[in-house]
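Colleague: Numbering (our numbering), first residue to last: 61 to 428.
C-beta atoms are modelled at their ideal positions from N, C-alpha and C, and glycine is treated no differently.
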């Protein structure tokens, strides 16, 4: 029997699994991880926490992760309580639960591309129809055009990503407000990279008191340097959390995951202490790339989106080189970055100063 012989859903045929290349190379800058490992004090406290709960692993975990949600609410601030926070295995499971509750057969979700590629994948996986709106040339979203798209399609779920992946672009609150006013259903603001935003960049969390259909999603995989923990979470009206309880799997968040996340939150000052370093490295990378005549999107994340790589350069900011060839040339020099988004662009995650020096050297050598 082959894959094609399986009686899978027809709308899944022809699709490919999500996944960035996992290659064993000296410098890996393709999945937007924080390059700095957890500090020794966190490792020691986590080991103690694991020892403390190991004797209870014969029992199911706290089904509703109450203490973790209290800690997450305290971290987010904005007057949030534990009943306004929900957690799951990475922000992707959070998004899946949202679509299970508010999407589904006969319903639609709208997003503005290029954006996080898992949004349409999870949408289709929940039998929700995906509608692709367009971003502006600078990868922002014009509020009037966004409202027009919402009114035209009347989606059940709207995705707004700020800072946006893969471009790094942050959204003004006026865009989010405009979409909230026009949307007939839920509005999800994906803030996976919020901690890396430049000072003064507002969070959609500030809109929650007046927006019962707003959901703001976050993750501990990026700024918290806890990608291996797989902990995502959201903030919303308590009624939204009640709706998600209807679709979440029982005991979906293990005892060990809950403990690891709580220890990380207790050490947040040390973990987030690397954010300023990564911001500075990001801004220096943007300046260096632009200095080489490349087009670079403004970034409020821990990655940089740059191009434009075309078959024949006809204007400023364009480089006559095949994107795949350039990506391979950089990889051949021991540095892995990401082919993602429109075909004229590449994305590099921000690493340590030594890793970014290796990237600059590899790019300079691989460029025509």
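In terms of DSSP beta bridges, what is residue 88 paired with?
Modeller: In DSSP, residue 88 forms a bridge with 396.
Colleague: Could you have a look at residue 193 and say whether DSSP puts it in helix, strand or coil?
Modeller: Looking at residue 193 - three-state DSSP - the assignment turns out to be strand.
Colleague: Is the number of C-beta pairs between the segment 152-169 and the segment 208-217 that are closer than 8 Å three or more?
Modeller: Counting Cβ pairs under 8 Å, three or more are found: they touch.
Colleague: Are the segment 120-138 and the segment 174-187 touching, with three or more C-beta to C-beta distances below 8 Å?
Modeller: As far as the Cβ criterion goes, the segment 120-138 does not touch the segment 174-187, which means the pair count is below three.
Colleague: Taking the CB atoms as reference points, tell me whether residue 89 and residue 408 lie closer together than 8 Å.
Modeller: Yes, the Cβ-Cβ distance between residue 89 and residue 408 is below 8 Å.
Colleague: How many angstroms separate the CA atom of residue 236 from the CA atom of residue 112?
Modeller: Rounded to the nearest angstrom, the two C-alpha atoms are 43 Å apart.
Colleague: Could you check which residue in 411, 424, 398 has the C-alpha nearest to that of residue 82?
Modeller: Of the listed residues, the one whose Cα sits closest to residue 82 is 398.
Colleague: With a cut-off of 8 Å on the beta carbons, I'd call residue 360 and residue 258 a contact; round off their distance for me.
Modeller: That belief holds up - the Cβ atoms of residue 360 and residue 258 are roughly 6 Å apart, short of 8 Å.
Colleague: Kindly confirm or deny that the segment 318-329 and the segment 100-114 touch, where touching means at least three C-beta pairs closer than 8 Å.
Modeller: Short answer: they touch.
Colleague: From residue 424 to residue 396, what distance separates their C-alpha atoms?
Modeller: So the alpha carbons of these two residues sit roughly 14 Å apart.
Colleague: Consult DSSP for residue 171 and reduce its assignment to one of helix, strand or coil.
Modeller: In this structure, residue 171 counts as strand in the three-state DSSP scheme.
Colleague: On the criterion of 16 or more Cβ atoms from any shown chain inside 10 Å, does residue 251 qualify as buried, or is it exposed?
Modeller: Buried, because 16 or more other Cβ atoms sit within 10 Å of the Cβ of residue 251.
Colleague: Cβ of residue 146 within 8 Å of Cβ of residue 311?
Modeller: Not in contact: residue 146 and residue 311 (Cβ atoms no closer than 8 Å).
Colleague: Provide the residue span of the alpha helix (DSSP H) that contains residue 27, from first to last.
Modeller: There is simply no residue 27 to check, as the chain begins at 61 and stops at 428 in what is shown.
Colleague: With a threshold of 8 Å, are at least 3 pairs of Cβ atoms found where one atom belongs to the segment 372-381 and the other to the segment 346-357?
Modeller: The segment 372-381 vs the segment 346-357: in contact.
Colleague: Whole angstroms are fine: how far does the CA of residue 74 sit from the CA of residue 65?
Modeller: The straight-line gap from Cα to Cα measures roughly 13 Å.
Colleague: Helix or strand or just coil, what does DSSP make of residue 205?
Modeller: Correct three-state label for residue 205: helix.
Colleague: Could you compute how far the alpha carbon of residue 297 sits from the alpha carbon of residue 273?
Modeller: Each residue's Cα considered, the two are about 7 Å apart.
Colleague: Do residue 193 and residue 171 have their C-beta atoms within less than 8 Å of each other?
Modeller: A contact, by the Cβ cut-off of 8 Å.
Colleague: Whose C-beta lies closer than 6 Å to the C-beta of residue 287 among residues of the same chain, with five residues either side of it excluded?
Modeller: Answer for residue 287: 93, 281, listed in chain order.
Colleague: Is the beta carbon of residue 201 sitting closer than 8 Å to the one on residue 168?
Modeller: The answer is no: Cβ separation not under 8 Å.
Colleague: Looking at the secondary structure, which residues open and close the alpha helix (DSSP H) in which residue 181 lies?
Modeller: Looking at the DSSP string, the run of the alpha helix (DSSP H) that includes residue 181 is 178-185.
Colleague: With DSSP as the reference, label residue 135 as helix, strand or coil.
Modeller: Residue state, collapsed to three classes: helix.
Colleague: Shortest alpha-carbon distance to residue 270 belongs to which of 331, 85, 241?
Modeller: When only C-alpha atoms are compared, the closest one is 241.
Colleague: For residue 359, name the three-state secondary structure that DSSP assigns.
Modeller: DSSP places residue 359 in coil when its eight states are reduced to three.
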